[in-house]
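Visitor: This structure is in structure tokens; I'll ask about it shortly.
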Amino acid sequence: MSKKIVVIGAFEHGKTTLIAAIKSVFGGEFTHPMDIEKIDSRYSVKLNYGGEEFEFFDFPSTEDYEENIDGTETGALLVIDSCEGPLGEARKHIGICIENGIRNFAIFMNKKDLVDDDDLMETCEYETREVFDEEGIFGDDVPAVWGSAEEALWKPESMCGDCIREIVYKISIEF
Ligand SMILES: Nc1nc2c(ncn2[C@@H]2O[C@H](COP(=O)(O)OP(=O)(O)O)[C@@H](O)[C@H]2O)c(=O)[nH]1
Ligand SMILES: [Mg+2]
3 MSKKIVVIGA
13 FEHGKTTLIA
23 AIKSVFGGEF
33 THPMDIEKID
43 SRYSVKLNYG
53 GEEFEFFDFP
63 STEDYEENID
73 GTETGALLVI
83 DSCEGPLGEA
93 RKHIGICIEN
103 GIRNFAIFMN
113 KKDLVDDDDL
123 METCEYETRE
133 VFDEEGIFGD
143 DVPAVWGSAE
153 EALWKPESMC
163 GDCIREIVYK
173 ISIEF
């Protein structure tokens with residue numbers, strides 16, 4: 003049975019691009035985010051990693067998260083647009099996960115290519131960890147990776163793909 007990882011986060015923060023980047027980095031095949039495999043309302047990619055099958059999936063709207071998250075998920079990967087930080091929608095998705103018994107979380111600090119300032123990235127990461135604290139999950143323990151899903155999508159074999167390799171590795175050992 004595959005481990006289900008639900009990709010959560012605010013609209014336009016890069017969830018579907020991240021899923022396409024995972025496919026590009028691990029599947030060796032470029033797929034535009036608009037063409038990423040869509041099953042019902044769910045965007046999805048499966049990959050084998052370390053002898054296990056993982057499915058990463060997201061939904062187009064918060065209502066879809068409310069309707070579809072059911073506690074069979076192994077964990078959740080929160081995508082944050084590092085220019086914007088955690089928005090109410092991200093908090094809402096974390097809440098939906100917690101209500102359904104999900105306790106494993108990871109953070110992908112996306113759009114690093116647009117920030118170019120480590121202090122700003124750190125502030126944004128800190129604010130994101132605080133949201134977890136406020137929702138009852140110890141934020142300091144949540145693994146986080148900085149990167150650009152967009153760059154990884156286009157240049158999967160270069161260093162740009164390392165953020166994707168790193169987040170999937172962390173999920174595989176921590177979830
Ligand atoms: N510059 C930049 N743009 C990105 C990155 N990731 C996603 N985007 C763009 O952000 C927009 C929203 O991405 P999308 O994956 O559709 O977000 P979703 O609504 O969370 O699924 C798209 O125009 C993407 O091309 C990134 O790492 N850097
Ligand atoms: Mg999307």
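One rule links them: number in our numbering = place in the sequence shown (from 1) + 2. Ideal placement from N, C-alpha and C gives every residue a C-beta, glycine not left out. These numbers were taken from a predicted model, which means no experiment stands behind them.
1. Which whole-angstrom value is the C-beta distance of Val8 and Phe59, which I expect to be below 8 Å?
2. Could you check the C-alpha separation between Met161 and Val27 for me, to the nearest Å?
3. Given the structure, does Glu14 come close to ligand 1, in the sense that its CB is under 7 Å from one of the ligand's heavy atoms?
4. Are His2 and Thr64 close, meaning C-beta to C-beta below 8 Å?
5. Any contact of the segment 130 to 148 with the segment 83 to 103, i.e. 3+ C-beta pairs under 8 Å?
6. Please say whether Pro62 and Ser84 have beta carbons closer to each other than 8 Å?
7. Helix, strand or coil for Asn70? Go by DSSP, reduced to three states.
8. Select from Ile104, Asn106, Ser174, Leu122 the residue whose C-alpha is nearest the C-alpha of Asn112.
9. Shorter than 7 Å, the distance from the beta carbon of Lys17 to the closest heavy atom of ligand 2, or not?
10. Under the criterion of a Cβ to heavy atom distance below 7 Å, does Ser63 qualify as lining ligand 1?
Guide: The short version:
1. The residue you call residue 8 lines up with position 6 of the sequence shown. The residue you call residue 59 lines up with position 57 of the sequence shown. The Cβ separation is near 6 Å, so the contact holds.
2. By one-based count along the sequence shown, residue 161 stands at place 159. By one-based count along the sequence shown, residue 27 stands at place 25. About 11 Å.
3. In the sequence shown, counting from the first residue as 1, residue 14 sits at position 12. At least one heavy atom of ligand 1 is nearer than 7 Å to the Cβ of Glu14, so yes.
4. As shown, the chain starts at 3 and ends at 177. That puts residue 2 outside it, with no answer to give.
5. yes
6. The count along the sequence shown starts at 1 and reaches residue 84 at position 82. The count along the sequence shown starts at 1 and reaches residue 62 at position 60. Contact flag unset, no.
7. Within the sequence shown, numbered from 1, the residue matching residue 70 stands at position 68. The answer is helix: DSSP assigns Asn70 an H, G or I state.
8. Locating residue 112 in the sequence shown gives position 110, counting from the first residue. When each option's Cα is compared against that of Asn112, the closest is Leu122.
9. Here residue 17 refers to the residue found at position 15 when the sequence shown is read from its first residue. Lys17: yes, Cβ under 7 Å from ligand 2.
10. In the sequence shown, residue 63 corresponds to position 61, counting from 1. It does not: the Cβ of Ser63 is nowhere closer than 7 Å to a heavy atom of ligand 1.
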